[in-house]
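Here is the structure we will look at, set down as structure tokens.
In structure tokens, the structure reads:
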């Protein structure tokens, strides 16, 4: 009789472990298949393709938080995360970014982000020895957030690449775009 009882317990334990393992995979799959992350990573690849030989793989790059097109001095959690997701894709391709969030010489206001659109590119490039900056803007519509991302060469402000794309305006995006209270 004891032998019979062990089997269901062992089967139940095995199923529990299997389900727990699968639930972890579901979380990873949700992140990998997330349309916002996918669109941001594809945008980075598109910028690399458009810039072609003009973008030196050894160039030092900076990234600014993406700003609201309606108010270039305003960003959001979405603007910061979109920029960082593009940086992740660039880094995966071997491009070098200077991390502004860790540098003492740059003040990063976490409510507003670090904006290059409102600064002189030559000052920023000289201060951080950067050759190229990644900048972007976004506009919120009813069903989508429309994003423009650009790579700008700092020595002459030439746009090396520009790409327009959209991400779905989901409840997650609404949360990332709501005004922050500090």
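Residue numbers (mature numbering (1 follows the signal peptide of the UniProt record, and there is no 0)): -21 to -1, 1 to 161. Even glycine gets a Cβ: it sits at the ideal position worked out from N, Cα and C.
Task: Contacts around residue 110, its chain only, beta-carbon distance under 8 Å, and the 5 residues preceding and following it disregarded - done: 35, 38, 39, 40, 104, 132, 133, 134
Open item on the list: Please identify the residue among 129, 108, 150 whose C-alpha is closest to the C-alpha of residue 200.
Closed with: The chain is shown only over -21 to 161; residue 200 falls outside these bounds and no answer can be derived.
TODO: List the DSSP bridge partners of residue 129.
DONE: Bridge partners of residue 129 according to DSSP: 114, 141.
- [ ] Mind checking who residue 124 pairs with in its DSSP beta bridge?
- [x] DSSP output for residue 124 lists 119, 146 as bridge partner(s).
TODO: Compare the beta carbon distance of residue 113 and residue 146 with 9 Å and say whether it is the shorter of the two.
DONE: no
Open item on the list: Is the separation between the beta-carbon of residue 139 and that of residue 16 shorter than 9 Å?
Closed with: It is not a contact, given that the beta carbons lie outside the stated cut-off.
Task: Anticipated Cβ contact below 8 Å, residue 57 with residue 23, distance rounded - done: About 16 Å separates the two Cβ atoms, so there is no contact after all.
Task: Cβ shell of residue 75 (< 8 Å), same chain only, five flanking positions each side left out - done: 37, 38, 39, 40
- [ ] Using only alpha-carbon positions, find the residue among 123, 121, 115 that is nearest to residue 51.
- [x] 115
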